[in-house]
Amino acid sequence: MEALLSELAEFKKMLDTNVTCDWDCAELTPGEEFSELATQLQTLIDKHTISDRDKACLKLADLICDDEDEYANMDEALALLEKQAEINGTVMADDIVMMWEPVEYSFTVNQLLEQVY
Numbered sequence: 006m007e008a009l010l011s012e013l014a015e016f017k018k019m020l021d022t023n024v025t026c027d028w029d030c031a032e033l034t035p036g037e038e039f040s041e042l043a044t045q046l047q048t049l050i051d052k053h054t055i056s057d058r059d060k061a062c063l064k065l066a067d068l069i070c071d072d073e074d075e076y077a078n079m080d081e082a083l084a085l086l087e088k089q090a091e092i093n094g095t096v097m098a099d100d101i102v103m104m105w106e107p108v109e110y111s112f113t114v115n116q117l118l119e120q121v122y
């Protein structure tokens with residue numbers, strides 16, 4: 006998050022420079038300059054956009070516990086669930102990952118994958 010804020014502050018500085026620029030002395034026209042800034046902004050957005058898989062991992066973290074013996078992170082847990090879904094998604098998710106107590110035995114693997122995706 007800090008990196009994003011830093012990049013946004015730098016981008017704001019570039020915008021401020023363009024607002025106060027003497028366009029008669031500039032190398033680029035205002036249109037060219039702002040087009041370049043739009044490209045840089047899109048690159049910044051693309052770099053910090055969360056993938057669907059990352060979103061699923063974040064949702065999964067609200068439903069399952071860490072289990073270092075079975076998976077190192079939520080991405081590995083998600084991979085285990087997806088692998089099980091290919092074999093038989095009707096088994097309880099608790100048989101594959103460690104669910105938080107309030108949702109124990111509430112989801113099959115298929116239902117849990119639907120919940121997080």
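The sequence shown begins at 6 in the working numbering and counts up by one.
We treat Cβ as the ideally placed atom computed from N, Cα and C, and that holds for glycine.
Is M79 helix, strand or coil by DSSP?
M79 falls in the helix class under three-state DSSP.
Outcome for L65 when other beta-carbon atoms lying within 10 angstroms are tallied against a minimum of 16:
By the 10 Å Cβ count, L65 comes out buried.
If we count Cβ pairs, one from each stretch, closer than 8 Å, do we get three or more for the segment 56 to 71 versus the segment 113 to 122?
Segments in contact, yes.
L46 to L13 span [Cα, whole Å]
Looking at the two C-alpha atoms, the distance is approximately 9 Å.
I believe C62 touches L83 by the beta-carbon criterion, under 8 Å. Please report the beta-carbon distance rounded to the nearest angstrom.
Right, the Cβ-Cβ distance comes to about 6 Å (below 8 Å), so this counts as a contact.
What residue from K17, H53, L20, T48 has the CA that sits closest to A8's CA?
The option with the nearest alpha carbon to A8 is H53.
D71 to W105 span [Cα, whole Å]:
Spanning the two alpha carbons is a distance of roughly 9 Å.
To the nearest angstrom, how far is the alpha carbon of C1 from that of I50?
Outside the shown range of the chain (6 to 122) lies residue 1, about which nothing can therefore be said.
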